[in-house]
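In the numbering used here, the protein residues as written are 1148 to 1321.
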Amino acid sequence: MTAELPDFDPSQVADLDVRDVIREGGEPLPAILAAADRLAPGQVLHLRSPFQPVPLYAVMGERGFVHFSTMFTPQDWSTWFWHDGEQVERAGSSPPLARSTAPDGSWDLRDLPPPEPLLAILERVETATAPFRVVLPFEPTPLAALLDGQGWQMSVTETLPDGSVVVAILPGGC
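As C-alpha coordinates, this is what we get:
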(Lines of atoms letter the chains of each structure in order from A and count residues from 1; the text may use other names and numbers.)
(Lines give C-alpha, C1' and ligand atoms only; values in the text may rest on other atoms or scores of the structure.)
Protein backbone atom coordinates (compact mmCIF):
# COMPACT_ATOMS: atom_id res chain seq x y z
CA MET A 1 0.00 0.00 0.00
CA THR A 2 1.34 3.43 -0.93
CA ALA A 3 1.34 5.96 1.88
CA GLU A 4 2.55 9.48 2.44
CA LEU A 5 6.11 9.65 3.67
CA PRO A 6 6.00 10.48 7.38
CA ASP A 7 8.40 12.92 8.98
CA PHE A 8 10.49 10.24 10.66
CA ASP A 9 13.63 10.53 12.75
CA PRO A 10 16.63 10.00 10.41
CA SER A 11 18.39 7.99 13.14
CA GLN A 12 15.60 5.40 12.80
CA VAL A 13 16.30 4.75 9.11
CA ALA A 14 18.08 1.61 7.94
CA ASP A 15 19.63 2.32 4.53
CA LEU A 16 20.09 -0.37 1.90
CA ASP A 17 21.49 0.42 -1.56
CA VAL A 18 20.97 -2.39 -4.09
CA ARG A 19 21.82 -0.43 -7.26
CA ASP A 20 25.24 -2.05 -7.73
CA VAL A 21 23.91 -5.54 -6.93
CA ILE A 22 21.28 -5.18 -9.66
CA ARG A 23 23.70 -3.64 -12.18
CA GLU A 24 26.02 -6.61 -11.63
CA GLY A 25 23.16 -9.07 -12.28
CA GLY A 26 22.71 -10.09 -8.64
CA GLU A 27 19.48 -10.82 -6.79
CA PRO A 28 18.77 -8.19 -4.11
CA LEU A 29 15.59 -9.73 -2.62
CA PRO A 30 17.31 -11.79 0.12
CA ALA A 31 19.22 -8.74 1.36
CA ILE A 32 16.08 -6.58 1.26
CA LEU A 33 14.01 -9.12 3.21
CA ALA A 34 16.82 -9.62 5.74
CA ALA A 35 17.06 -5.85 6.27
CA ALA A 36 13.28 -5.65 6.71
CA ASP A 37 13.38 -8.50 9.24
CA ARG A 38 16.02 -6.64 11.27
CA LEU A 39 13.91 -3.49 11.64
CA ALA A 40 12.99 -2.65 15.22
CA PRO A 41 9.53 -1.24 15.95
CA GLY A 42 9.32 2.31 14.62
CA GLN A 43 12.20 1.91 12.18
CA VAL A 44 12.04 2.60 8.46
CA LEU A 45 13.86 0.81 5.63
CA HIS A 46 15.22 3.18 2.98
CA LEU A 47 15.95 1.30 -0.24
CA ARG A 48 17.94 2.76 -3.15
CA SER A 49 17.38 1.02 -6.48
CA PRO A 50 17.97 1.70 -10.19
CA PHE A 51 14.23 1.44 -10.95
CA GLN A 52 10.89 1.70 -9.20
CA PRO A 53 10.66 -1.58 -7.25
CA VAL A 54 7.02 -2.29 -8.13
CA PRO A 55 7.28 -6.11 -7.70
CA LEU A 56 8.62 -5.56 -4.18
CA TYR A 57 5.52 -3.62 -3.10
CA ALA A 58 3.37 -6.78 -3.02
CA VAL A 59 6.06 -8.82 -1.25
CA MET A 60 6.55 -6.17 1.42
CA GLY A 61 2.79 -5.55 1.63
CA GLU A 62 2.26 -9.22 2.54
CA ARG A 63 4.71 -8.65 5.40
CA GLY A 64 2.68 -5.69 6.68
CA PHE A 65 4.70 -2.86 5.16
CA VAL A 66 3.51 0.28 3.43
CA HIS A 67 5.79 2.24 1.13
CA PHE A 68 6.57 5.56 -0.45
CA SER A 69 8.76 5.90 -3.56
CA THR A 70 10.33 8.81 -5.35
CA MET A 71 12.47 9.04 -8.48
CA PHE A 72 15.56 11.23 -8.64
CA THR A 73 16.43 10.10 -12.18
CA PRO A 74 14.97 7.20 -14.18
CA GLN A 75 17.87 5.06 -12.87
CA ASP A 76 17.85 6.30 -9.26
CA TRP A 77 14.91 5.60 -6.94
CA SER A 78 14.39 5.83 -3.20
CA THR A 79 11.69 3.78 -1.51
CA TRP A 80 10.87 3.82 2.18
CA PHE A 81 9.12 0.88 3.88
CA TRP A 82 7.59 0.83 7.34
CA HIS A 83 4.99 -1.31 9.09
CA ASP A 84 1.39 -0.41 8.35
CA GLY A 85 -0.29 1.18 11.35
CA GLU A 86 2.95 1.44 13.29
CA GLN A 87 3.88 4.81 14.68
CA VAL A 88 7.27 5.68 13.23
CA GLU A 89 9.69 7.64 15.36
CA ARG A 90 9.22 11.29 14.48
CA ALA A 91 12.10 13.62 13.80
CA GLY A 92 13.01 15.46 16.99
CA SER A 93 10.83 16.09 19.99
CA SER A 94 10.13 19.71 19.18
CA PRO A 95 7.40 20.89 16.83
CA PRO A 96 8.38 21.21 13.16
CA LEU A 97 9.98 24.46 12.10
CA ALA A 98 7.83 26.95 10.27
CA ARG A 99 8.52 27.15 6.57
CA SER A 100 11.22 29.69 5.78
CA THR A 101 10.46 32.51 3.40
CA ALA A 102 12.16 32.19 0.04
CA PRO A 103 14.81 34.90 -0.51
CA ASP A 104 13.83 37.70 -2.89
CA GLY A 105 14.52 36.89 -6.51
CA SER A 106 14.52 33.13 -5.92
CA TRP A 107 12.31 30.65 -7.71
CA ASP A 108 10.58 28.59 -4.99
CA LEU A 109 10.14 24.96 -6.11
CA ARG A 110 9.58 23.40 -2.68
CA ASP A 111 5.93 22.53 -3.33
CA LEU A 112 6.58 20.47 -6.45
CA PRO A 113 6.84 16.68 -6.01
CA PRO A 114 10.01 14.96 -7.26
CA PRO A 115 11.22 14.93 -10.00
CA GLU A 116 9.32 18.07 -11.10
CA PRO A 117 11.78 20.58 -9.55
CA LEU A 118 14.67 19.01 -11.47
CA LEU A 119 12.65 18.92 -14.69
CA ALA A 120 11.60 22.57 -14.26
CA ILE A 121 15.22 23.63 -13.73
CA LEU A 122 16.42 21.64 -16.75
CA GLU A 123 13.69 23.19 -18.90
CA ARG A 124 14.64 26.68 -17.77
CA VAL A 125 18.36 26.26 -18.54
CA GLU A 126 17.45 25.44 -22.16
CA THR A 127 16.51 29.10 -22.70
CA ALA A 128 18.20 30.95 -19.81
CA THR A 129 21.20 33.15 -20.47
CA ALA A 130 21.82 34.40 -16.92
CA PRO A 131 22.28 32.72 -13.54
CA PHE A 132 19.22 32.20 -11.36
CA ARG A 133 18.46 30.91 -7.86
CA VAL A 134 15.99 28.25 -6.77
CA VAL A 135 14.74 27.16 -3.37
CA LEU A 136 14.43 23.40 -2.90
CA PRO A 137 13.44 21.26 0.10
CA PHE A 138 16.84 19.50 0.16
CA GLU A 139 20.15 19.48 -1.69
CA PRO A 140 19.53 18.14 -5.22
CA THR A 141 22.45 15.74 -5.56
CA PRO A 142 21.56 14.43 -9.06
CA LEU A 143 21.13 17.95 -10.42
CA ALA A 144 24.86 18.70 -10.68
CA ALA A 145 25.47 15.92 -13.22
CA LEU A 146 22.32 16.79 -15.17
CA LEU A 147 23.32 20.45 -15.42
CA ASP A 148 26.91 19.65 -16.34
CA GLY A 149 25.62 17.86 -19.44
CA GLN A 150 23.95 21.09 -20.52
CA GLY A 151 26.89 23.41 -19.78
CA TRP A 152 25.56 24.69 -16.44
CA GLN A 153 26.59 24.17 -12.84
CA MET A 154 24.98 24.50 -9.42
CA SER A 155 26.10 25.72 -6.04
CA VAL A 156 24.23 25.58 -2.73
CA THR A 157 24.47 29.17 -1.49
CA GLU A 158 22.36 29.02 1.67
CA THR A 159 20.60 26.61 3.99
CA LEU A 160 17.42 28.13 5.40
CA PRO A 161 16.29 27.60 9.01
CA ASP A 162 13.66 25.02 7.93
CA GLY A 163 16.34 22.93 6.17
CA SER A 164 15.47 24.10 2.66
CA VAL A 165 18.37 25.09 0.43
CA VAL A 166 18.96 27.98 -1.94
CA VAL A 167 20.78 26.81 -5.04
CA ALA A 168 22.48 29.05 -7.58
CA ILE A 169 22.21 27.76 -11.16
CA LEU A 170 25.09 29.18 -13.17
CA PRO A 171 26.24 29.00 -16.78
CA GLY A 172 29.35 26.83 -16.99
CA GLY A 173 31.69 29.78 -17.49
CA CYS A 174 30.67 31.64 -14.31
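Note that CB positions come from ideal geometry on N, CA and C, so glycine has one too. Since the structure is predicted, the reported quantities are computational estimates derived from the model, not experimental observations.
field: Endpoints, the alpha helix (DSSP H) within which Asp1184 is located
entry: Counting along the chain, the alpha helix (DSSP H) containing Asp1184 begins and ends at Leu1176 to Asp1184.
query: Mind checking Ala1183: buried by the 16 CB within 10 Å criterion, or exposed?
result: Ala1183 comes out buried.
The alpha helix (DSSP H) enclosing Arg1166, as first and last residue numbers: Arg1166 to Arg1170 is the extent of the alpha helix (DSSP H) around Arg1166.
message: Cutting at 8 Å between CB atoms, please list the residues of its own chain near Ser1302, excluding the five before and the five after it.
response: Within the same chain, and ignoring the five residues on either side of Ser1302 in sequence, the residues whose Cβ sits closer than 8 Å to its Cβ are Val1314, Ala1315 and Leu1317.
message: Which same chain residues end up closer than 6 Å to Ala1249 when comparing Cβ atoms and leaving out the 5 residues on each side of it in sequence?
response: Excluding positions up to five away in sequence, the list reads Asp1255 and Val1282.
- prompt: What residues in its chain sit with their C-beta under 7 Å from that of Tyr1129, if we drop five residues either side in the sequence?
  reply: Because the chain spans 1148 through 1321 in this model, residue 1129 falls outside it and cannot be assessed.
message: Measuring only the C-alpha atoms, how far is Val1191 from Arg1210?
response: Distance between Val1191 and Arg1210, taken at the CA atoms: about 14 Å.
message: Rounded to whole angstroms, what is the Cα-Cα separation between Pro1188 and Arg1195?
response: If I take the Cα positions, the gap works out to 21 Å.
query: Would you report the Cα separation of Asp1309 and Pro1157, rounded to the nearest angstrom?
result: Between Asp1309 and Pro1157, the C-alpha separation is close to 16 Å.
task: State yes or no: is the C-beta of Pro1289 within less than 8 Å of the C-beta of Asp1223?
output: Result yes, Cβ atoms of Pro1289 and Asp1223 sit closer than 8 Å.
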